[in-house]
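Enquirer: Residue numbers (my numbering), protein chains in the order written: chain W, 37 to 339; chain B, 489 to 744. Here a beta-carbon is modelled for each residue, glycine too, at the ideal position from N, C-alpha and C.
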Amino acid sequence: MADLSVNICGVDFKNPIIPASGVFGYGREYEELFPLNKLGGIATKGTTRHQRTGNIAPRIAETPAGMLNSVGLQNPGIDHFVEVDLPYLMTKDVVVLANIAGSTPEECAETAAKLEGTDAHMIELNISCPNVKQGGAAFGTSCEMAAEVTKIVRAATTKPLVVKLSPNVTNIAEIAKAVESAGADAVSLINTLLGMRIDINTGRPILHNNMGGLSGPAIFPVAVRMVYQVANAVKIPVIGMGGVSSGKDAIELMMAGASAVQVGAAIFTDPYAPVRIVEEMNDFLDKKGISSVRDIIGTVQLW
Amino acid sequence: MKYTQGKYLIIDKKAIGCEIYSFEISCPEVAAAAVPGQFVHIRIGSFVLRRPISICGIDKEKGTLRIVFEIRGEGTAEIAQLNKGDVVDMLAPLGHGFTVDESFKKVVLIGGGIGTPPMLPLAKAYGNKAVAISGFRNSSAVILQEDFKSAGAETILCTDDGSAGIHGFVTQPLAELAEKGGIDAVFACGPMGMLKGIASICKEKGIYCEISLEERMACGIGACLGCACRTKRNDEEYFAHVCKDGPVFNAEEVIL
Ligand SMILES: Cc1cc2nc3c(=O)[nH]c(=O)nc-3n(C[C@H](O)[C@H](O)[C@H](O)COP(=O)(O)OP(=O)(O)OC[C@H]3O[C@@H](n4cnc5c(N)ncnc54)[C@H](O)[C@@H]3O)c2cc1C
Ligand SMILES: Cc1cc2nc3c(=O)[nH]c(=O)nc-3n(C[C@H](O)[C@H](O)[C@H](O)COP(=O)(O)O)c2cc1C
Ligand code: FES
């Protein structure tokens, strides 16, 4: 049995596997299948200052080795999260990464401030959302906007702040450096890649929102590349995700530089994916005679 | 147990129509928990997303479920390749089903096309209190009529082109039955246009009505919020989720 524990920003995880934000709700539905304490952590559904209704359906489209989603951040609002969902999760012996989002830097900061005084372990700030103050371009697509929102949220919270980066950029390492200097304690990546599918019989996009975020095995190589680039550009820890569906994938992402790994769309194919991945990682390490998963972080040797 | 995931043995496979298949699956714990109107979420080797298919038969004693599905694309085509003796990976039983109320004296079950299968377990539950109206494109698309009869239901068949049964839509016999009165509830599954027609007749006549909806799904259990459906409760609009709050909804609450 290898040592699977990791420590990120002073927070202990019993293993490095975390269901990604948006695929796991607030945990209740999956607890029907396995105890949540088998997980290293849980990244909760993106939560905003006020309740959001989300987009009109269809919100889901299948793609080769992946899927598009345009849920539109449907969530009950941060007050509901703090009063109902977080207390439930805090009884589960698992690290809680409270994922938050907003349409303005101030809204993100207010949402983060609502988590002060709660037991949530970390805040994961999603900067892939449109910034309404800047004409709707996502915060995460420019160094200036990414740094600004990070700085304002940083000032609003004493909790470890993980900034979740968008892959829809030319140079993700530059964005990572910008949020590092603005006060982020860690970064997580990648969020979904913007995509689109069209029903050729009707000539209409499958998603009612027309476009949506691509996730699943199709994006895994992009995630490996970006995690590698970011891990080599910043000093803060990197949490990797994007298309991970096996223990081998998780090991690969950690070799690229991730200190922990989130699992998204894979859970739709196999609802036990996160717990299976933990077991598969352990098997791999045992077979290789590696005593701790920490020993593989960032060990890729370039040609 | 609410739902579980596992690999279950297909103990019988039949082609019951053009590109329509019926599977009998041995899954005692799923059958024990299943109620009419629920669905199973089937994993297919080469696809990221599972496929939702309604439960068409529940045999709690034998520990089996029946599903009936039509080939609509690559995923259902791949499920149709499975044979007796193969296993099928299911997450099941899922969703909120139809109301089974002992005190109802007469109910009308309406299925349109491939929306007919989920009405069969309900016919079993209501026995001779049920009238099962089924609508199909033409005579070659007709399925499950004998099954409804052996469940004890009175059957009324409609086809769009008149090649079998009544020439017309299912709303025609429904309107006639509603006119006569004495119906405690109407339950329906099928294309949106049909559901709208049924819901408006029921609303006009003040008959309680439940409809089963479809939406594209990912998790199937209410976690990803992918399968949104516009609903209204206490005059407040909100997006409910077909996989957890449905697939069966009170027709009055759905914004069709
Ligand atoms: C609750 C529920 C119960 C259902 N019960 C039955 C049943 O008993 N028998 C039956 O034949 N069919 C049923 N369907 C429809 C069935 O799920 C689709 O026909 C099937 O998913 C199509 O998959 P495909 O790969 O063949 O088609 P494709 O068009 O290639 O599928 C592409 C993607 O779209 C999704 N999709 C396509 N059509 C539908 C649809 N109508 N509803 C939901 N998702 C869709 C698929 O799941 C897949 O993710 C049901 C759907 C729902 C939501
Ligand atoms: C249905 C769905 C909903 C998502 N919702 C959120 C969200 O609310 N906040 C967020 O930061 N990321 C969200 N994501 C992105 C995932 O957390 C993850 O970054 C992405 O899907 C890539 O990982 P994967 O390929 O393993 O799915 C969502 C993804 C999916 C598929
Ligand atoms: S499919 Fe995930 S919430 Fe319905």
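Leaving out five residues before and five after R531 of chain B in sequence, what residues of the same chain have Cβ atoms less than 6 Å from its Cβ?
Expert: Closer than 6 Å at the Cβ level, and outside the excluded window around R531 of chain B, lie R538 and D577.
Enquirer: Verify whether the separation of the beta carbon atoms of I272 of chain W and F320 of chain W is less than 7 Å.
Expert: Cβ distance not < 7 Å, so I272 of chain W and F320 of chain W don't count as in contact.
Enquirer: Does the region 677-691 of chain B touch the region 712-728 of chain B, meaning 3 or more C-beta pairs lie closer than 8 Å?
Expert: Touching, no, given that fewer than three Cβ pairs across the two stretches are closer than 8 Å.
Enquirer: What residues in its chain sit with their C-beta under 8 Å from that of R721 of chain B, if we drop five residues either side in the sequence?
Expert: Contacts found: E741.
Enquirer: Count the C-beta pairs between the region 543-554 of chain B and the region 598-612 of chain B that are closer than 8 Å, then say yes if the count reaches three, no if not.
Expert: With the cut-off at 8 Å, the region 543-554 of chain B and the region 598-612 of chain B touch.
Enquirer: Roughly how many angstroms lie between the CA atoms of D831 of chain B and K495 of chain B, to the nearest whole one?
Expert: This structure gives no information on residue 831 of chain B, because the portion of chain B shown stretches from 489 to 744.
Enquirer: At least one CB of chain C closer than 7 Å to the CB of P307 of chain W: is that the case?
Expert: Given the protein chain composition of this structure (W and B), no chain C is represented.
Enquirer: Can you list the residues of chain B that T89 of chain W reaches, using a CB-CB cut of under 7 Å?
Expert: The answer, in chain order, is Y726 and F727.
Enquirer: Is it right to say P123 of chain W is buried, meaning 16 or more other beta carbons lie within 10 angstroms of its own, or is it exposed?
Expert: Per the 10 Å Cβ criterion, exposed.
Enquirer: Pull out every residue of the region 65-92 of chain W whose Cβ sits closer than 8 Å to any Cβ of chain B, in chain order.
Expert: Cβ contacts with chain B: E65, Y66, E68, L69, K81, T89, G90, N91 and I92.
Enquirer: CB-CB under 7 Å to T604 of chain B, same chain, minus the five flanking residues each way: which ones, in chain order?
Expert: For T604 of chain B, where only same-chain residues beyond five positions count, the Cβ hits under 7 Å are S622, I631 and L632.
Enquirer: Can you tell me which of B:P679, B:E725, B:L579 and B:P735 puts its alpha carbon nearest to the alpha carbon of A521 of chain B?
Expert: Answer by Cα proximity: B:L579.
Enquirer: Answer with yes or no whether the minimum CB distance from G714 of chain B to chain W is below 7 Å.
Expert: Yes, its Cβ sits closer than 7 Å to a Cβ of chain W.
Enquirer: Can you tell me which of W:N162, W:I332 and W:R261 puts its alpha carbon nearest to the alpha carbon of M291 of chain W?
Expert: Closest by alpha carbon: W:I332.
Enquirer: Comparing C-alpha positions only, which one of W:N204, W:M37 and W:L197 sits nearest to S251 of chain W?
Expert: Among W:N204, W:M37 and W:L197, the Cα nearest to that of S251 of chain W is on W:N204.
Enquirer: For A294 of chain W, does the three-state DSSP call read helix, strand or coil?
Expert: Three-state result, A294 of chain W: coil.
Enquirer: Could you give the distance in angstroms between the alpha-carbon of A93 of chain W and the alpha-carbon of A220 of chain W?
Expert: Taking the straight line from one Cα to the other gives about 35 Å.
Enquirer: From W:A259, W:V47, W:I226 and W:E160, pick the residue whose C-alpha is nearest to that of D129 of chain W; which is it?
Expert: Closest by alpha carbon: W:V47.
Enquirer: Determine which residues share a DSSP beta bridge with F737 of chain B and list them.
Expert: In the DSSP output, where bridge partners are listed per residue, F737 of chain B has B:I699.
Enquirer: Report, in whole angstroms, the separation of the C-beta atoms of L662 of chain B and I686 of chain B, which I expect to be a contact under 8 Å.
Expert: Indeed, because the Cβ distance is near 6 Å, the residues count as touching under 8 Å.
Enquirer: Identify which residue in B:T552, B:K548 and B:Q569 has its Cα closest to the Cα of A503 of chain B.
Expert: Out of B:T552, B:K548 and B:Q569, B:Q569 has the C-alpha closest to the C-alpha of A503 of chain B.
Enquirer: Looking at chain B, is there any beta carbon in it that lies within less than 7 Å of the beta carbon of I54 of chain W?
Expert: Judged by the 7 Å Cβ criterion, I54 of chain W is not in contact with chain B.
Enquirer: At what residue ranges does the region 562-621 of chain B contain a whole run of the alpha helix (DSSP H), taking only runs of 4 or more?
Expert: Here the runs fully enclosed are 562-568 and 607-614.
Enquirer: For the region 521-547 of chain B, which residues have a CB atom closer than 8 Å to at least one CB atom of chain W, in sequence order?
Expert: Correct list: R531, F535, V536, L537 and R538.
Enquirer: With distances taken Cα to Cα, identify the nearest neighbour of T698 of chain B among B:F737, B:F727 and B:D733.
Expert: Residue 698 of chain B is actually Glu in this sequence, not Thr. Comparing Cα-Cα distances from E698 of chain B to each of B:F737, B:F727 and B:D733, the minimum goes to B:F737.
Enquirer: Look at the alpha carbon of D115 of chain W and the alpha carbon of K150 of chain W, and state the distance between them as a whole number of angstroms.
Expert: So the alpha carbons of these two residues sit roughly 7 Å apart.
Enquirer: Return yes when the Cβ of I211 of chain W is within less than 7 Å of the Cβ of A173 of chain W, no when it is not.
Expert: For A173 of chain W and I211 of chain W, no; Cβs fall outside 7 Å.
Enquirer: Kindly indicate if chain W contains any beta-carbon less than 7 Å away from that of C707 of chain B.
Expert: Yes, contact with chain W.
Enquirer: Within the continuous alpha helix (DSSP H) that includes T305 of chain W, where are the two ends?
Expert: Per DSSP, T305 of chain W belongs to the alpha helix (DSSP H) from A302 to T305.
Enquirer: Out of B:K572, B:E507, B:A739 and B:A639, which one is the CA nearest neighbour of E562 of chain B?
Expert: The shortest C-alpha separation from E562 of chain B is found at B:E507.
Enquirer: Just to make sure I have the definition right: I need the residues of chain W whose C-beta is within less than 9 Å of the C-beta of E703 of chain B. Which are they?
Expert: Neighbours of E703 of chain B on chain W, chain order: A93, P94, R95 and I96.
Enquirer: Using a C-beta cutoff of 7 Å, does A711 of chain B count as contacting chain W?
Expert: Judged by the 7 Å Cβ criterion, A711 of chain B is in contact with chain W.
Enquirer: Do you know how far the Cα of G525 of chain B is from the Cα of V588 of chain B?
Expert: Rounded to the nearest angstrom, the two C-alpha atoms are 10 Å apart.
Enquirer: Kindly indicate the opening and closing residues of the alpha helix (DSSP H) around F70 of chain W.
Expert: Taken as a continuous stretch (DSSP letters only), F70 of chain W belongs to no alpha helix (DSSP H), as it is neither H nor E.
Enquirer: With a Cβ-Cβ cutoff of 7 Å, do C248 of chain W and N111 of chain W count as a contact?
Expert: It is worth fixing the name first, because residue 248 of chain W is Gly in this sequence and not Cys. No, the Cβ-Cβ distance between G248 of chain W and N111 of chain W is not below 7 Å.
Enquirer: List the residues that DSSP assigns as beta-bridge partners of I541 of chain B.
Expert: BP columns for I541 of chain B point to B:V528.
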